[in-house]
Structure formats: structure tokens, C-alpha cells
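Input: a single structure, listed below in C-alpha cells.
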Amino acid sequence: MKVAGTSAPPETAPTASRPGLRELKKQRTRDLLLRSALELFTERGYEETTVDDVAEAADVSQRTFFRY
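Written out as C-alpha cells, the structure reads:
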């Protein structure tokens, strides 16, 4: 005997969705920070590169640097 409301809804396969604009922007910012840092490390060396240098090269604030 079936009781109303006790059956579970059918499971659906998760759909592969593209990242939204916000996620794309975050990824671009991360990539830019990494590229900028690597470039500066190559030019100046790790010891001579500051957070300010990387943030400036990536055209972001220090706060944004630390967020990513």
C-alpha cells in the first residue's frame, strides 16, 4: 500500500553549468595576480618583491591582493 507524500522525488543528474560572470572575474583576478607575481619574481627575485609591487602590477588594491 502506498501512502501519499512518502515517495522521494526522482534524482536528477547534476548539470554541468558554466561559471557565472562573478566567478569568471574572480578567476581572472587570481590569474592576473599569479602572472604578475611570477613576472616580478623572475625580474627582481622573491626577496625583493613586495605585496605592494604585485598589487600595483596587477592593478588591484592590497585588500584585493589578500582576498585572493
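So for the sequence shown, my numbering puts the first residue at 568; every next one is plus one. Ideal Cβ placement from N, Cα and C applies to all residues, glycine included.
* 7 Å Cβ shell around L607 - same chain, five flanking residues per side excluded -> Contacts found: T616, D620, V621 and A624.
* To do: Just the C-alpha distance for G563 and R602, rounded to the nearest angstrom, thanks.
  => In the structure as shown, the chain begins at 568 and stops at 635. Residue 563 is therefore absent and cannot be evaluated.
* Asked: DSSP three-state call for D636: helix, strand or coil?
  -> Absent from the structure is residue 636, since the part of the chain shown begins at 568 and ends at 635.
* Taking only the alpha-carbon atoms, compute the straight-line gap between R589 and S628 and give it to the nearest angstrom. => One C-alpha to the other measures close to 18 Å.
* To do: Spatial neighbours of T596 within its chain, please: CB distance less than 8 Å, with the 5 preceding and 5 following residues excluded, ordered by chain position.
  => So the qualifying residues of the chain are A625, V627, T631 and Y635.
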